[in-house]
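Engineer: Heads up, the sequence shown is in the working numbering, so the first residue is 1 and it goes up one at a time.
Positions of the beta carbon are idealized from the N, C-alpha and C atoms, including for glycine.
Please find one structure pasted underneath; my questions will follow.
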Amino acid sequence: MRRAKTGKPNRFLFWLVSLVTRIVAKVVFRRRVLRNELKGAKGPFVVIANHQTKLDFVNLFDLAGQPVHFVISDCFYSTLPFQGVMDRLGMIPKQQFQTTLTDIRRMKSVVDEGRGLVIYPAGLMCEDGLSTPIPAATYRFLSWMRADVYVARTTGTYFVRPKWSKRNRPGRTYMDVYKLFSAEDLETLSVEEIRERADNALLFDAYREQEEHKIKYHKNYDLEGLEQVLYMCPHCKSEFSIRLKDHCHLVCEKCGFRHTGDVYGFLRNTGNVGEEVRYVSDWSRLIYEELKRKVEKGEESIIVCDADVSILDRKKKRFTEAGRAKITLSGDCFLIEGVLNGEESHMVIPTTSFASLPFQPGKYLEIQCGEQIYRCFPDNGALVMKMINMVKIYYEIHTAIRFAPQ
Numbered sequence: 001m002r003r004a005k006t007g008k009p010n011r012f013l014f015w016l017v018s019l020v021t022r023i024v025a026k027v028v029f030r031r032r033v034l035r036n037e038l039k040g041a042k043g044p045f046v047v048i049a050n051h052q053t054k055l056d057f058v059n060l061f062d063l064a065g066q067p068v069h070f071v072i073s074d075c076f077y078s079t080l081p082f083q084g085v086m087d088r089l090g091m092i093p094k095q096q097f098q099t100t101l102t103d104i105r106r107m108k109s110v111v112d113e114g115r116g117l118v119i120y121p122a123g124l125m126c127e128d129g130l131s132t133p134i135p136a137a138t139y140r141f142l143s144w145m146r147a148d149v150y151v152a153r154t155t156g157t158y159f160v161r162p163k164w165s166k167r168n169r170p171g172r173t174y175m176d177v178y179k180l181f182s183a184e185d186l187e188t189l190s191v192e193e194i195r196e197r198a199d200n201a202l203l204f205d206a207y208r209e210q211e212e213h214k215i216k217y218h219k220n221y222d223l224e225g226l227e228q229v230l231y232m233c234p235h236c237k238s239e240f241s242i243r244l245k246d247h248c249h250l251v252c253e254k255c256g257f258r259h260t261g262d263v264y265g266f267l268r269n270t271g272n273v274g275e276e277v278r279y280v281s282d283w284s285r286l287i288y289e290e291l292k293r294k295v296e297k298g299e300e301s302i303i304v305c306d307a308d309v310s311i312l313d314r315k316k317k318r319f320t321e322a323g324r325a326k327i328t329l330s331g332d333c334f335l336i337e338g339v340l341n342g343e344e345s346h347m348v349i350p351t352t353s354f355a356s357l358p359f360q361p362g363k364y365l366e367i368q369c370g371e372q373i374y375r376c377f378p379d380n381g382a383l384v385m386k387m388i389n390m391v392k393i394y395y396e397i398h399t400a401i402r403f404a405p406q
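Written as structure tokens, this is what we have:
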């Protein structure tokens with residue numbers, strides 16, 4: 001069991017990592033800081049940041065000008081070989097989309113001792129330029145902290161390294177860091193008022209932001225991997241019919257719908273079928289809304305697939321093969337049935353509290369049960385994105401919270 005308190009970050013190590021991240025932010029992300037109200041801030045404080053790509057922390061790490069505690073994914077922490085360094089930096093590993101009492105106590109101890117805490121409320125980088133759902137517990141957590149709250153809003157990092165792409169695409173990014181709430185504000189605001197203001201600050205549509213900035217990112221027209229996210233044709237509504245052609249064209253094999261990427265990351269209709277869908281985020285939203293319609297009408301309610309399953313081995317600091325299982329996703333749970341590590345398994349894992357799940361489009365999704373994490377590789381990788389959309393839909397239905405900006 002992890003300690004309920006977190007020690008102070010090592011100042012020299014924090015300064016050294018800050019120097020490295022500042023260089024990466026300048027060279028890879030070409031970061032431009034619009035404002036930084038966090039510099040010189042006196043603790044305690046909490047920083048909430050939006051999450052566009054896995055390296056978002058690089059653009060934020062040095063901006064406080066003082067050691068702060070970053071809350072990171074427990075899976076990320078457990079699969080890296082330098083946990084000792086992360087501990088000395090004061091990083092706090094936490095389960096994604098779930099928060100234990102120990103996690104809360106560790107974060108609260110940081111604030112109670114007058115230090116800074118950085119969290120990414122979405123808990124997961126986006127796959128389509130749209131904000132990942134923010135768990136409702138986040139707003140109650142902020143209310144309970146009773147500390148100044150700053151927003152660190154990143155723009156452009158999604159295009160530098162999209163979740164669906166294998167390549168970096170250097171180009172301009174922006175950081176805007178400002179105070180959102182004072183500790184006194186949080187004493188008078190309701191949780192709903194906190195939610196509304198925090199959502200306005202954190203939720204984003206990367207493609208609409210790109211429409212404003214018009215930044216060229218290296219090989220932004222290369223759409224390889226995006227066909228795993230945009231798996232349904234917006235014209236004929238056929239699922240799993242989208243194919244990649246010549247790296248920059250998405251084509252429906254059923255109806256001939258054809259869109260081509262450009263240097264800004266936008267899509268152009270280059271065929272004679274259907275209307276143009278300029279933004280990947282809009283295409284993704286169409287897929288989501290169509291699936292949601294089917295779920296609400298009872299036309300879709302369950303997904304079943306066979307999958308290879310790996311289990312996180314914390315001692316080896318990696319996922320190890322565990323066996324085969326049948327994965328069933330229904331309205332309120334995942335059912336995992338199979339032989340794992342030589343034993344018959346029959347697990348029912350409630351999903352109503354999951355705003356989303358960690359995943360890689362076309363490859364795998366991760367299902368957490370207690371402290372154990374199951375990485376599932378469906379035989380049909382195309383199902384991964386549909387299952388993630390289904391989880392988001394069920395979360396929206398259960399919580400009555402919309403997560404995508406309209």
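What residues match up with residue 107 in a beta bridge as DSSP calls it?
Structural biologist: Answer is none; residue 107 lacks a bridge partner.
Engineer: Just the Cα atoms here: how many angstroms apart are residue 117 and residue 70?
Structural biologist: Between residue 117 and residue 70, the C-alpha separation is close to 6 Å.
Engineer: Along the chain, where does the beta strand (DSSP E) that runs through residue 134 open and close?
Structural biologist: Neither: residue 134 is in no beta strand (DSSP E) and is coded neither H nor E.
Engineer: Looking only at C-alpha atoms, which of 177, 49, 226, 31 sits nearest to residue 408?
Structural biologist: Shown here, the chain extends from 1 to 406; a query on residue 408 therefore has no answer.
Engineer: With C-beta atoms as the reference, is residue 394 less than 9 Å away from residue 331?
Structural biologist: Yes, the pair counts as a contact, with Cβ atoms nearer than the cut-off.
Engineer: Suppose contacts are defined by Cβ-Cβ distances below 9 Å. Is residue 128 in contact with residue 44 by that definition?
Structural biologist: No, they are not a contact pair.
Engineer: Taking all protein chains shown into account, do 16 or more other C-beta atoms lie within 10 angstroms of the C-beta of residue 82, making it buried, or fewer, making it exposed?
Structural biologist: The residue in question, residue 82, is exposed, as its Cβ has fewer than 16 Cβ neighbours within 10 Å.
Engineer: Helix, strand or coil: which one does DSSP assign to residue 175?
Structural biologist: If DSSP states are grouped into helix, strand and coil, residue 175 belongs with the strands.
Engineer: According to DSSP, what are the bridge partners of residue 245?
Structural biologist: DSSP lists 249 as partners of residue 245.
Engineer: What separation, rounded to the nearest whole angstrom, lies between the Cα atoms of residue 31 and residue 157?
Structural biologist: Cα to Cα, residue 31 sits roughly 9 Å from residue 157.
Engineer: Does the Cβ of residue 293 have 16 or more other Cβ atoms within 10 Å, making it buried, or fewer, making it exposed?
Structural biologist: Exposed: under 16 other Cβ atoms inside 10 Å.
Engineer: Just to confirm before moving on: does the CB-CB distance between residue 273 and residue 285 stay below 9 Å?
Structural biologist: Contact: no.
Engineer: Counting pairs of Cβ atoms below 8 Å between the segment 231-250 and the segment 130-141, do you hit three or more?
Structural biologist: Output reads no: the segment 130-141 does not touch the segment 231-250.
Engineer: Among 48, 179, 300, 309, which residue has its Cα nearest to the Cα of residue 387?
Structural biologist: Cα-wise, what sits closest to residue 387 is 300.
Engineer: What do you get for residue 12, buried or exposed, if any count of 16 or more other CB atoms within 10 angstroms of its CB means buried?
Structural biologist: Exposed: under 16 other Cβ atoms inside 10 Å.
Engineer: Could you pull the start and end residues of the alpha helix (DSSP H) that residue 288 belongs to?
Structural biologist: It spans 280-296 - the alpha helix (DSSP H) in which residue 288 sits, taken as one unbroken run.
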